[in-house]
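Taking it in order: structure first as structure tokens, then the write-up.
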Amino acid sequence: MPKQLELDIEGMTCTACARRIEKNLNKVEGVSAYVDFTSETAHLTISGSTSEAEITKVIEDTGYSVGSSRPELQTLKLRVVVGSAISVPVAVTSMVHEWMWPMWVYALLVAPVALWVALPFHQAAFKNLKARATTMDTLVSLGVLVAYGFSLYELLAGGHEAYFEVAAVVPTVVLIGRWLEVKTRRSATDSVRALLSAIPELANVRRNGSQESVPTSSVAKGDLVVVAMGERVPVDGVVVEGAGAIDNSLLTGES
């Protein structure tokens, strides 16, 4: 009998990442997979002898990780704070000639942003490069490295055309957007999961003159489901007999 498996995927930055993982998982014999970028979850149907450890290895070989700790939001927030603290003064002073600092000061300040704050873009760009693909991460990574590298060359060569502020502002602004996106997506996903968790695992079904408890997922169209007062309603349906009161607050916001 096919086995159902759900895994939390960490490290995805766009739908292209989800499609790449999905493609590699579906190459495994006996595995049918769908990866949902929104919920950051891989839904798998395994009909063979493939183990969860083998599935995990395929995902990790693709460049992503499996886990439920989901530390991405906290890591992104730290990078955003550091990037903003450096980028704002660098950008402001670069715009006003009288306020400009020596170029070597910008080189030192922007180095942590170009290397550590922008690290998720560099890592994603490297993964995409190995898969012979390009995404927005490739563009951001390339822009940051070229801007910082050229500015560093100008500094060492005694030139004056530096773009250190670009190498600082670009990854910080994109990370702010990504942090807001992940935060909103996680909030929506948690709300949906909370709603789904309200569905009872068992349903009381009357079949062939007798009542039995069966898994809610096995209830079929046409089954007669018995719901006692105070119990949760397991499935959508039409009341055919009896009367009672139902708490609709999950749907309407009011009891």
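The sequence shown begins at 0 in numbering that gives the first Met the number 0 and counts up one residue at a time. Note that the Cβ used here is the ideal one computed from N, Cα and C, for glycine as well.
Straight-line spacing of the CA atoms in Glu-164 and Ser-46 works out to 54 angstroms. Inter-segment contact for the stretch 140-151 and the stretch 25-33 is absent: fewer than three beta-carbon pairs are separated by less than 8 angstroms. Contact between Val-225 and Asn-203 is confirmed by a C-beta separation of about 4 angstroms, below the 8 angstroms threshold. Here the alpha carbons of Ala-41 and Thr-183 stand approximately 20 angstroms from one another. Three or more Cβ pairs closer than 8 angstroms define a contact, and the stretch 93-105 falls short of that threshold against the stretch 58-68. Within the same chain, no residue comes within 7 angstroms of Ala-227 by CB-CB distance, once the 5 residues on both sides are set aside. For Glu-153, no beta strand (DSSP E) segment is defined; the enclosing uninterrupted segment is the alpha helix (DSSP H) at 135-156. Out of Val-168, Ser-196, Leu-6 and Gly-229, the CA that lies nearest to the CA of Ala-242 is found in Gly-229.
The beta carbon of Val-168 is closer than 8 angstroms to those of Ser-86, Val-89 and Ala-90 in its chain, skipping five residues each way along the sequence. The beta carbon of Ala-123 sits closer than 6 angstroms to those of Thr-12 and Asp-136, all from its chain and outside the five residues before and after it, given in chain order. For Tyr-63, there is no enclosing beta strand (DSSP E), as DSSP marks it with neither H nor E.
Uninterrupted alpha helix (DSSP H) stretches at least 4 residues long and entirely within the stretch 68-99 occur at 71-94, given in chain order. Sequence-distant partners of Asn-127 (beyond 5 residues in either direction) whose C-beta falls short of 7 angstroms from its own C-beta, in its chain, are Thr-133, Thr-134, Asp-136 and Thr-137.
According to the DSSP secondary-structure assignment, Ala-202 is paired through a beta bridge with Val-213. Rounded to whole angstroms, the gap between the alpha carbons of Glu-253 and Val-237 is 21 angstroms. Per DSSP, reduced to three states, the secondary structure at Thr-37 is coil, with no helix or strand assignment. Ser-248 carries a helical assignment under DSSP once its states are collapsed to helix, strand and coil. With 16 or more other Cβ atoms inside 10 Å of its own Cβ, Arg-78 counts as buried.
Rounded to whole angstroms, Arg-177 and Ala-117 show a C-alpha spacing of 12 angstroms. By the neighbour-count criterion, in which a residue is buried when 16 or more other Cβ atoms sit within 10 angstroms of its Cβ, Gly-158 is exposed. Per DSSP, Asp-222 lies in no alpha helix (DSSP H) and is assigned neither H nor E. Check the Cα spacing between Leu-6 and each of Ala-15, Leu-75, Thr-44 and Lys-129: the tightest is with Thr-44. CA-to-CA, the gap between Cys-16 and Gly-10 works out to about 9 angstroms. When the Cα atoms are used, Val-112 and Val-172 turn out to be separated by approximately 12 angstroms. Each residue's CA atom was taken as its position, placing Val-213 and Leu-201 some 5 angstroms apart.
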